[in-house]
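To start, the structure itself, in structure tokens.
Numbering (full-length UniProt numbering), first residue to last: 1 to 470.
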């Protein structure tokens, strides 16, 4: 049944995501042409009322060759499909490649218990596992005999909601069966899946085979490999176990809500309790209490929650740095397939320095605007001076401040700006308002499209492909 469900996932894939496979080849083309030629001869003989033997002979030749072509077509198509399935590799992310040895990540662990250089790999694994997943101590008492009220059995509707909310393209477990396959299995036999999940609830048991996981320890960027807390443990669990876990969670949350177990102020991990609602409730409570009572606010944080966060992804810049050394206006321009940008540096309303650069013809104005901001930030870093950058490109500011940007070009700019964010202010200025610096930058950017210095270092790497630089 699993095989049948897995096969259905190929047929039910959206067309825009389906991977194409080709089976047409030169032999098929030649055979088809031969069939067409024989058919034309056969039709010509019939149209001309030729000899009966000649018509029958040409008809037999045509039908014989047509049968050969059909057989060859089916054989070639099946062989191509088998090759496609054997070589098929759905992209499930870097973790999936790491688990199934499809990546090139190093597998050495720098942990050395008791600083003993003779520790085996098993000693290292045991040490780091005990650090993240400590075993039961002699003082721990995990004997628990709960008295649980009877719960309602799962229904087909519960499973349909759960399977419908499963996200695709998630890394499967060691069995390599992903959510799409289990969804197809559920569609194939809903009653069997319903009985399977209800059996887990009746026996109050989570199958051990669905809890088996492969654990990986990923070293955080810039951390000491000799420390256990420099690694991030990642567990890859079977997808069916995750489905069972979701069903358990649905029933648990329903039971907790029914018996009012969870405090009303608990917002995290609860359906219908968003962060916006939590903030609104907090603000309203503060307003009410401030009018009648004293108010004290205590904020608790969890240590090392965001130690593995890439801070360069989050760029928080001041719009204006007070008492800055210089005011810098940037602009990009494109005229008749020529692109350039300008950086105009002002001090006390005096234009003291301009930088004009010309990009390649395939570069966009957006890239020119970003390159201008990057150039201004690098100039401030090289001079170790504070500047306020003014640009009329809101899209460039949004790209720099976005945490979800995938462009390596933008991320490189963000990384450089983060290093000197105490020296740089970035603000938007409206165009065509007669602001001296902005008008100057606009004129200089237009001039840069023809007379600016050629600056290839601003080109994103993907834009360089397919072009020959002369």
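Each residue gets a CB set at the ideal place from its N, CA and C atoms; glycine is no exception.
Since we're looking at a predicted model, the values are computed, not measured.
So, helix, strand or coil for residue i, using DSSP?
i           : result
residue 327 : strand
residue 428 : strand
residue 176 : coil
residue 411 : helix
residue 211 : coil
residue 355 : strand
residue 106 : Residue placement at residue 106 is poorly supported in this model, since its pLDDT is 45, which falls under 50; the coordinates still yield a value, given next. In this structure, residue 106 counts as coil in the three-state DSSP scheme.
residue 57  : helix
residue 333 : strand
residue 115 : helix
At what residues does the alpha helix (DSSP H) containing residue i begin and finish?
i           : result
residue 379 : 365 to 383
residue 447 : 436 to 451
residue 405 : Neither: residue 405 is in no alpha helix (DSSP H) and is coded neither H nor E.
residue 223 : Per DSSP, residue 223 belongs to no alpha helix (DSSP H) and is neither H nor E.
residue 281 : 275 to 292
residue 253 : 239 to 258
residue 44  : 26 to 47
residue 198 : 190 to 202
residue 390 : Not the alpha helix (DSSP H): residue 390 falls in the beta strand (DSSP E), residues 387 to 391.
residue 126 : 121 to 132
residue 420 : Neither: residue 420 is in no alpha helix (DSSP H) and is coded neither H nor E.
residue 157 : 156 to 164
Can you give me the start and stop residues for the beta strand (DSSP E) that residue i sits inside?
i           : result
residue 235 : 231 to 236
residue 219 : 214 to 219
residue 346 : 338 to 347
How close, in whole Å, do the beta carbons of residue i and residue j come, if the pair is a contact with beta carbons under 8 Å?
i           : j           : result
residue 340 : residue 445 : 6 Å
residue 288 : residue 385 : In fact, because the Cβ distance is near 49 Å, the residues do not count as touching under 8 Å.
residue 132 : residue 233 : 5 Å
residue 128 : residue 275 : In fact, because the Cβ distance is near 34 Å, the residues do not count as touching under 8 Å.
residue 471 : residue 324 : For residue 471 there is no data in the structure shown, the boundaries of the chain being 1 and 470.
Does at least one heavy atom of the ligand NAD sit under 7 Å from the Cβ of residue i?
i           : result
residue 242 : The ligand NAD is absent from the structure shown, which contains no ligands of any kind.
Tell me which same chain residues have a C-beta within less than 8 Å of the C-beta of residue i, skipping the five on either side of it?
i          : result
residue 52 : none
residue 77 : 23
Under 7 Å Cβ to Cβ from residue i, same chain only, skipping five residues before and after it: list those, please.
i           : result
residue 420 : 377, 380, 381
residue 206 : 200, 244
residue 435 : 429
residue 318 : 425
Between residue i and chain B, is there a C-beta pair that is closer than 8 Å?
i           : result
residue 437 : As a matter of chain content, chain B is missing from the structure shown, which is built from one protein chain.
Please go through the same chain and pick out, in chain order, the residues whose beta-carbon is closer than 6 Å to the beta-carbon of residue i, but skip the five residues on each side of it.
i           : result
residue 38  : 61, 62, 65
residue 392 : 429, 431
residue 35  : 65, 66, 69
residue 163 : 183, 186
Q.
Check whether the stretch 361 to 370 and the stretch 390 to 401 are in contact - that is, three or more C-beta pairs closer than 8 Å.
A. A contact exists between the stretch 361 to 370 and the stretch 390 to 401.
Q.
Would the stretch 184 to 195 count as touching the stretch 157 to 166 if we require 3 or more Cβ pairs under 8 Å?
A. Taking 8 Å as the limit for Cβ pairs, the verdict is that the stretch 157 to 166 does touch the stretch 184 to 195.
Q: Could you say if the stretch 203 to 217 and the stretch 234 to 243 meet the contact criterion of at least three C-beta pairs nearer than 8 Å?
A: By the criterion of at least three beta-carbon pairs nearer than 8 Å, the stretch 203 to 217 is in contact with the stretch 234 to 243.
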